[in-house]
Every structure is written in structure tokens, then in C-alpha cells.
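Count the sequence shown with my numbering and you get residues 38 to 198, in order.
Contents: one structure, followed by commentary.
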Amino acid sequence: MSPAKRLIGAVAVAVLFVGGAHARSSDRKAPMNIEASTQQCILGASMTCTLTGNVIITQGTLKVNAARAVITQANGRPQRGQLSGGVTVSQELDDGTPMSSKSANADYDFVNEVITLSGNVTVTQPRGSMSGSRIVYNTKSGHVNSGGDGTRVKMVIMPKG
Numbered sequence: 038m039s040p041a042k043r044l045i046g047a048v049a050v051a052v053l054f055v056g057g058a059h060a061r062s063s064d065r066k067a068p069m070n071i072e073a074s075t076q077q078c079i080l081g082a083s084m085t086c087t088l089t090g091n092v093i094i095t096q097g098t099l100k101v102n103a104a105r106a107v108i109t110q111a112n113g114r115p116q117r118g119q120l121s122g123g124v125t126v127s128q129e130l131d132d133g134t135p136m137s138s139k140s141a142n143a144d145y146d147f148v149n150e151v152i153t154l155s156g157n158v159t160v161t162q163p164r165g166s167m168s169g170s171r172i173v174y175n176t177k178s179g180h181v182n183s184g185g186d187g188t189r190v191k192m193v194i195m196p197k198g
């Protein structure tokens with residue numbers, strides 16, 4: 038695989054996490070567009086790629102904005118994706134429901150399939166919202182943990198209409 042394809046693949050995997058387990062499945066088949074002011078990569082099986090300056094990633098209904106994205110891989114497999122500097126995500130779920138999130142940082146452990154949003158986190162859908170200083174989501178098990186750091190967690194659950 039060419040270095041460019043490895044880079045795009047690693048970044049693609051890094052950003053697909055943000056929409057959650059039920060993100061629009063057709064988005065994964067759409068072309069991914071990545072823009073940043075700068076990129077610096079060390080290519081190879083143990084690659085690190087840093088994108089900085091108004092990072093914008095779009096794929097289908099997925100749109101991610103961050104000041105910085107760092108993607109690492111080992112033995113040709115993505116290991117971690119770290120987004121920082123004010124991370125915003127918007128995407129439609131498979132049922133057409135919009136989802137959005139805002140956080141200072143987003144960290145995805147690809148090996149364990151765990152997403153950690155930190156720093157003034159808000160996740161919003163029409164059926165409700167969750168906010169706090171930290172939200173951890175295990176995409177394998179579906180477990181969500183938040184709080185535990187001395188701050189309060191807030192959830193709003195809308196009644197079925």
C-alpha cells in the first residue's frame with residue numbers, strides 16, 4: 038500500500054469513531070475529504086501523522102473540526118487518534134437523526150475501541166443530551182461512563198412524542 042493510502046486510511050479510521058456506533062453506515066463508503074493548514078507525517082508501518090490549523094474532515098454526513106489531529110499506527114494498524122483544540126462533530130445516524138458533540142479533546146483508542154471526550158463535553162441528539170467534563174464510550178460493549186472527577190454530569194432525556 039502506498040504511503041498516501043496508508044495515511045488516508047489511518048486518518049479515515051481515526052475520524053470514523055466520532056459519530057458513534059450507529060452513525061450512518063453509508064458514510065463509510067463515501068470519499069473522505071481532509072483539510073488542514075499543515076500536515077507532518079512519518080510514514081511507514083509505525084506511522085505518526087500530525088495535522089494542524091483548522092483541521093476539517095468530512096465524509097458523507099460526518100463533519101469534524103479540530104485545531105489539531107494526531108494519528109498513530111503500529112505494524113500498519115491504527116492505534117490511536119487524538120483530536121484537540123476544540124473538537125466539534127456532526128453526523129446523521131442511520132435513522133436520519135442528527136447527532137453533534139463539542140469537546141476540548143477527543144481521544145480514540147483503536148485497539149480497545151474506546152472513545153474519550155474531555156473538556157466541557159456536550160453530546161446532543163433530538164432525544165436528549167449529555168454533558169460533563171469527561172465522557173468515555175466503549176464502542177464494543179456500549180458502556181458509557183462520565184463524571185468521577187469531582188464534577189457533575191448532566192443528562193436531559195426528552196419524552197417520547
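Even for Gly, the Cβ is constructed at its ideal location relative to N, Cα and C.
Identify the residues that DSSP records as bridge partners of THR159: which are they? In the DSSP output, where bridge partners are listed per residue, THR159 has LYS139, SER168.
Let me check one thing: in DSSP terms, what residues is SER121 bridge-paired to? Partner(s): ARG105, ASN142.
Ignore the nearest five residues each way along the sequence and tell me which others in GLY184's own chain have a CB closer than 8 Å to its CB. GLY169, SER170, ARG171, VAL190
If you drop the 5 nearest sequence neighbours on each side, which residues of the same chain put their C-beta closer than 6 Å to that of LEU88? ALA73, GLN76, ALA106
In terms of alpha-carbon separation, which member of SER166, ASN102, VAL124 lies closest to ARG135? Note that residue 135 corresponds to Pro in the displayed sequence, not to Arg. When each option's Cα is compared against that of PRO135, the closest is SER166.
Assuming ILE93 contacts ASN102 (C-beta within less than 8 Å), just tell me the rounded distance between them. 6 Å
DSSP-derived helix/strand/coil call for ARG200: Residue 200 is absent from the model: the chain starts at 38 and stops at 198.
What do you reckon, are the CB atoms on GLN128 and LEU99 nearer than 8 Å? yes
Under the three-state DSSP convention, the category SER183 falls into: strand
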